[in-house]
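Down below is the structure, laid out as structure tokens.
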Amino acid sequence: MSQLYATIPLRYPRVKMVNWYDCNNLIQAKSDRRLNNYQLTKPQAVLEAYQ
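Residue numbers for the sequence shown, in the working numbering: 2 to 52.
This is how it looks when you write it as structure tokens:
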């Protein structure tokens, strides 16, 4: 994640925002939609890099 944030301004200088979808659908979605875990910040190392 740190590498992504460092590279974006260099390769894509017009990008103004990065939007993350961070949700564990295995727990938080309706029962018929519990298919995937999209949680990006679950590993502690990733969460620390994001902060």
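No residue lacks a Cβ here, since even glycine has one placed at the ideal position from N, Cα and C. Just so you know, these numbers come straight off a predicted model, no measurement behind them.
Could you work out which residue in the options is closest to residue i when comparing CA atoms only?
i          : options    : result
residue 40 : 50, 26, 33 : 26
residue 44 : 36, 37, 23 : 23
Taking just the CA atoms, how far does residue j sit from residue i?
i           : j          : result
residue 118 : residue 32 : Residue 118 is absent from the model: the chain starts at 2 and stops at 52.
residue 14  : residue 4  : 15 Å
residue 51  : residue 2  : 7 Å
residue 18  : residue 7  : 13 Å
residue 30  : residue 42 : 18 Å
Where does residue i fall in DSSP's three states?
i          : result
residue 20 : coil
residue 37 : coil
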